[in-house]
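Worksheet: one structure, shown below.
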Amino acid sequence: MRTTKMRIALILLVMATSRLFAQSAQKDTTFIVNETIDGERHAIFIDNNQKSEYYAAISNFNFQQFDDESYKRSTDYLSENKLSLTKAKPVVPWRDWVTLKQYDSKFYAYYPCDFLFHFRQSINDSTFIDWTGEGPEANKIIHQRKIDKNTYEMKLSGISYADRKITIHIIDPKKGIAVFEQTSTGTDKKYYLMISAPDITSVPIIVNVCPTQKQMELKFEDPDFEKLLEK
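Counting from 1, position 73 in the sequence shown corresponds to residue 74 in the numbering used here; the numbering is continuous, with no gaps.
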């Protein structure tokens, strides 16, 4: 059943991708890849149009057709482990976050060929939600605090990470850009770039279009997080 659902979701995504690509204005695009291999179209381009529909496609935090299943699995875990949800106003002013990439030393939003690799996070008054290719997962906010005007800390527990701490370092308040620092028991410290969803059009978007067959994702640079955190 889950495989069938995933196939339906992929068909719908292919249809949407083809429509969006047809609507892209060529004057606003710079191609990184533009080729046809064995009859299969593949294009990767930089879209500088701030009204591009691709932005909305990667910053949608509404539940889709099959998201209820994964979300329920995560809340069932919380219930089974007596991690009851309590309401409190988030200390972080920015609530919805989308992954941000670095290419040619510049920051970009990214519309992937395969949304299995797309990542978002959101914060509400009771949960911290990881939005992965498998669907949304709710985490209980154990503790949160504001360290200073550009630094926020959240301690979380959920089905994927029983003990996790995320420190949000705001490095560009005007554009809503942040470095997320994650630590969890038994894993190495991890850093990743995020951008506030309402501010996502403040950076260009790289679009990876593969309407009929999965292609390679664009290889991005590893940011110098130490340097970014010095700002």
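All C-beta atoms in this analysis are idealised placements derived from N, C-alpha and C, irrespective of residue type, glycine included.
Quick caveat: nothing in here was measured; it's all calculated off a predicted structure.
C-alpha distance - phenylalanine 67 paired with serine 75, whole-angstrom precision: Position 66 of the sequence shown, counting from 1, holds the residue named residue 67. Position 74 of the sequence shown, counting from 1, holds the residue named residue 75. Taking the straight line from one Cα to the other gives about 14 Å.
Tyrosine 78 to asparagine 63 span [Cα, whole Å]: Mapped onto the sequence shown, residue 78 falls at position 77. Mapped onto the sequence shown, residue 63 falls at position 62. Roughly 22 Å between the two C-alpha positions.
Meets three-Cβ-pair contact criterion under 8 Å: the segment 46 to 60 and the segment 137 to 144: No contact exists between the segment 46 to 60 and the segment 137 to 144.
Residue burial classification, alanine 89 (beta-carbon count within 10 angstroms, cutoff 16): Taking the first residue of the sequence shown as position 1, residue 89 is located at position 88. By the 10 Å Cβ count, alanine 89 comes out exposed.
Phenylalanine 129 and leucine 157 closer than 8 Å at C-beta: Residue mapping note: residue 129 aligns to position 128 of the sequence shown, counting from 1. Residue mapping note: residue 157 aligns to position 156 of the sequence shown, counting from 1. Against a cut-off of 8 Å, the Cβ pair of leucine 157 and phenylalanine 129 comes out as a contact.
Contact belief for lysine 176 with isoleucine 196 at Cβ below 8 Å, rounded distance in angstroms: Numbered from its first residue, the sequence shown carries residue 176 at position 175. Numbered from its first residue, the sequence shown carries residue 196 at position 195. Going by Cβ atoms, the distance from lysine 176 to isoleucine 196 rounds to 7 Å, so yes, they are a contact pair.
Secondary structure of aspartate 29, DSSP reduced to three states: Position 28 of the sequence shown, counted from the first residue, corresponds to residue 29. Here aspartate 29 sits in helix by DSSP.
Straight-line gap, methionine 155 to threonine 133 (C-alpha atoms, nearest Å): For the purposes of this step, residue 155 is taken as the residue at position 154 of the sequence shown. For the purposes of this step, residue 133 is taken as the residue at position 132 of the sequence shown. Using only the alpha carbons, I get a separation of about 19 Å.
Beta-carbon proximity check, lysine 224 vs glutamine 122, cutoff 8 Å: Within the sequence shown, residue 224 is the residue found at index 223, counting from 1. Within the sequence shown, residue 122 is the residue found at index 121, counting from 1. According to the sequence shown, residue 224 is proline rather than lysine. By the CB criterion at 8 Å, proline 224 and glutamine 122 fall outside the cutoff.
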